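Below: the structure, in structure tokens.
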Amino acid sequence: MPKTITPRSEDYSRWYTDVIIQSQMADYSPVKGCMVIRPLGYAVWEEIQKDLDARFKATGHQNAYFPLFIPESFLHREAEHVKGFAPECAVVTHGGGKELEEPLVVRPTSETIIYAMYAKWIRSYRDLPVLINQWANVVRWEMRTRLFLRTTEFLWQEGHTAHATEADAEEEVLRILEIYRSFIEEKMAIPVFTGRKSESEKFAGALRTYCIEALMQDGKALQAGTSHNLGQNFSKAFDVKFQTAEGDWAHVWQTSWGVSTRLIGALVMAHGDDNGVNFPPRLAPVQVAIVPIWKTEEEKARISEAVRQAIDILQPSLRVKADLREEVSPGWKFNEWEIKGVPLRLEIGPKDLEKDQMMAVRRMDRRKTPVPRGSLLASVTSLLDEIQRDMLERGRSFLRDNTRDARDYAEFQKSIEEAGGFYRAHWCGSAQCEQQIKDETKATIRCIPLEGNQEEGKCLRCSAPSREWVYLARAY
RNA sequence: CGGGGCGUAGCGCAGCCUGGUAGCGCAUCUGCUUUGGGAGCAGAGGGUCGGUGGUUCAAAUCCACUCGCCCCGACCA
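Take the first sequence: its letters are residues 1274 to 1749, numbered as in the numbering used here.
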């Protein structure tokens, strides 16, 4: 039997692209670097949105929307920010048939346009904190793109908050980091490391950047989310001031944070296999696919009735789909739902009906479990929970097995080349060592753990004394 | 912008080295048989071989140019 998706262990990029296109999550568009998100891919995004949105609202945030176009001069107000983003900006120079007086930048991120508004909205300490999130698209003209991981245009959410004190801003940044971590681990079933970025890796214009780092199956790290403490860099540039209770004037302390459609790429890379994508139950657009099997007309009548009953029972609490097509065989359907990542399949045929059961098959390992029709909802629900747990656990083992200590530089160079993965390594803190490691091994400092990494040691690169270790990896 | 690879039927590919007028799988259509892991058999339809120019009696094949795509780098809060 010809398989649609072939093993690509020797070519992970190709496998990744094939899986996405064949599962119909996304397509290349006529414009290079831009991606068409098809209904399946968008459904995953909607699940991500739904969940994160609820978490943001539960912590007091509100959604709002700001313009796609940003006057070019806004970008220039914060020196570091423009340095980081100017090279990748798309710029509109004409409108209404005329050349514009001032070019408009298509937002690569919205700090500037949003803080220009905050300057008007914020007057008093009573106006703070401002806790706003925006669901939007942004455009960054990267030299090289990859479906979901780095596209010219992508969808994301960007939170922008303003606080009265530095402590409040720092608390917010860490609160969001924890929201991202728990979402990615609990819903996406992807274990992660969290921490702080080094100076060279932080956001253009931030005081400090915190991040979530995950490990893909080919041993490369992927940044899955970021949360920035902007300090007063932007509030000074945009003059966002408030009057304190004491009557003084002060600049606000700000944060910004975001996750993007890149998360979908993480999902594909972390859980996919040669049978297609593989979604964890809590995030899967379709959690259960029911595939009926019949030969005779009489069987068809009985079995479709049983399917209808199953749907009535499961539909109210689960995202379930009955595949009653007659033009394709059951075997076809099995494969199709697997390619599309449905975590649990329920088969029902004459043999099952006799035993008053349905056959449940897990997408992740094809393990079969008969479930009694009498306790269908409870059984299916517990199977889905089990799959969710097992997927996360499998990811944890993988992350554990691929996180190593690096003490000797030569050994580290050899190991990262052969095995990839994360490395715990002491770093003296100098930008020079960081750069040399990058040049010599392509590995970067993915994050500096927030705790648990205090330990006396020697820098991996220069052997100077070091008080803490960091995570190194090659990254997407 | 460098390095590598690929453009041949709707999709995936072979043929090219060594020129001789285009083939395979999937899909499609017809008929019969088929449903617990992508059905089987028999038959049918479908392609100015990315484009332009050159060499030749003859070009998918050789040469030059050109366009497009993919991968690896450079780049990338």
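All C-beta atoms in this analysis are idealised placements derived from N, C-alpha and C, irrespective of residue type, glycine included. Here the structure is a predicted model, which means the values were calculated and not measured.
Secondary structure of H1349 (DSSP, three-state): coil.
Note on geometry: alpha-carbon atoms of F1329 and G1468 lie some 21 Å from one another. Sequence-distant partners of C1732 (beyond 5 residues in either direction) whose C-beta falls short of 7 Å from its own C-beta, in its chain, are H1699, W1700, C1701, C1706 and S1739.
Secondary structure at M1637: coil, using DSSP grouped into helix, strand and coil.
Within the segment 1690 to 1732, complete beta strand (DSSP E) segments of at least 3 residues are found at 1695 to 1699, 1717 to 1720 and 1727 to 1731, given in chain order. When secondary structure is reduced to three states using DSSP, F1421 falls in the coil class, being assigned neither helix nor strand.
When the alpha-carbon of R1747 is set against those of S1703, Q1686, E1519 and L1428, the nearest one is in Q1686. Of the candidates L1745, R1669, T1642 and S1286, the residue whose Cα lies closest to the Cα of E1690 is L1745.
Burial check for Q1527: the Cβ neighbour count within 10 Å reaches 16 or more, so the residue is buried. The Cβ atoms of M1298 and R1311 sit closer than 8 Å to each other. Look at the segment 1641 to 1666 and you find no whole run of alpha helix (DSSP H) that is 4 residues long or longer. One Cα belongs to R1350, the other to I1395, and the distance between them is close to 19 Å.
Annotation: G1545 is outside any beta strand (DSSP E) and is labelled neither H nor E by DSSP.
With a cutoff of 8 Å on beta-carbon distance, G1694 and T1676 are scored as near each other. Non-local C-beta neighbours of S1533 in its own chain, meaning closer than 7 Å and more than five positions away in sequence, comprise F1427, L1428 and W1429, ordered along the chain. The C-beta separation of F1347 from I1537 comes to about 30 Å, leaving the pair out of contact by the 8 Å criterion.
With respect to the C-alpha of A1497, the residue from S1652, W1530 and S1296 having the closest C-alpha is W1530. The segment 1346 to 1432 contains, as complete alpha helix (DSSP H) runs of 4+ residues, the segments 1352 to 1358 and 1384 to 1394 (chain order).
Here S1652 is near P1645, since their CB atoms are less than 8 Å apart. Take I1660, set aside five residues on each side of it, and the residues of its chain with a beta-carbon closer than 8 Å to its own are P1553, P1554, P1616, L1617, R1635, R1636 and M1637, in chain order.
In summary, R1399 is exposed, with fewer than 16 beta-carbon neighbours lying within 10 Å of its beta-carbon over all protein chains present. Closest by C-alpha distance to L1404, out of H1334, Y1682 and P1340, is H1334. Inter-residue distance for L1495 and V1593 is about 31 Å (C-alpha atoms, whole angstroms). If you look at D1678, you'll find it isn't in any alpha helix (DSSP H); it sits in the beta strand (DSSP E) that goes T1676 to A1679. Inter-residue distance for A1331 and L1540 is about 25 Å (C-alpha atoms, whole angstroms).
By alpha-carbon distance to L1450, the top candidate from P1722, W1567 and D1491 is P1722. Restricting attention to N1551, I1718 and E1572, the CA atom closest to the CA of D1663 is found in N1551.
Of the candidates K1493, E1459, T1434 and E1458, the residue whose Cα lies closest to the Cα of S1500 is T1434. Buried is the label assigned to M1308, since at least 16 other Cβ atoms lie within 10 Å of its Cβ. Under the three-state reduction of DSSP, T1290 is assigned to helix. Minimum Cα-Cα distance from S1670 among the listed residues G1370, S1602, E1519 and Q1490 corresponds to Q1490.
Of all alpha-carbon atoms in E1572, A1363, G1549 and A1583, the one lying nearest the alpha-carbon of A1562 is that of A1583. Minimum Cα-Cα distance from I1718 among the listed residues P1589, E1472 and F1507 corresponds to E1472. Rounded to whole angstroms, the Cβ separation of R1481 and N1502 is 5 Å, and the two are in contact under 8 Å. Taking 8 Å as the upper bound for CB-CB distance, L1672 and L1488 are in contact here, some 5 Å apart. Taking all protein chains in view, the Cβ of G1668 is crowded by 16 or more other Cβ atoms within 10 Å, so the residue is classified as buried.
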